[in-house]
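In what follows, a structure is listed as structure tokens, so that the remarks can point back to it.
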Amino acid sequence: EYKKWRKTITNKCENCDICGIIFTDKIKKHAHHLDAWLLHPERRYDIKNGVCLCQNCHQEYHSSQGNGTNTERDYIIYKSLKREL
1 EYKKWRKTIT
11 NKCENCDICG
21 IIFTDKIKKH
31 AHHLDAWLLH
41 PERRYDIKNG
51 VCLCQNCHQE
61 YHSSQGNGTN
71 TERDYIIYKS
81 LKREL
């Protein structure tokens, strides 16, 4: 079920949701849960609970925001702050 969720998320995007970089063969898509997998099991496979990020943005997000307790609200705030820079 996770593979189906990830494929659906990655198939619907052409660029990173944070930095906007266009995905190519060298820039891979990462499916990211808006509401964390561990904290929100009811949303694990909800298509509305995912966005595509490039590897750099995905790593930066989790490095600064942690893993497992993130919420969609956290993501929206993080994304808006990154875009202001």
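To convert, note that position 13 of the sequence shown is 13 in the numbering used here; the numbers rise steadily by one, no gaps. Glycine included, C-beta positions come from ideal geometry on N, C-alpha and C. Quantities reported herein were computed from a predicted structural model and do not represent experimental measurements.
If you look at Lys4, you'll find it in the alpha helix (DSSP H) that goes Tyr2 to Asn11.
In the displayed model, Asn49 falls within a helix according to three-state DSSP.
Residue pairing for Cys54: DSSP places it in a beta bridge opposite Lys29.
In the three-state scheme derived from DSSP, where H, G and I count as helix and E and B as strand, Ile22 is classed as strand. Close CB contacts of Glu72 within its chain, under the 7 angstroms cut and outside five residues either way in sequence, are with Leu34 and Asp35 (chain order).
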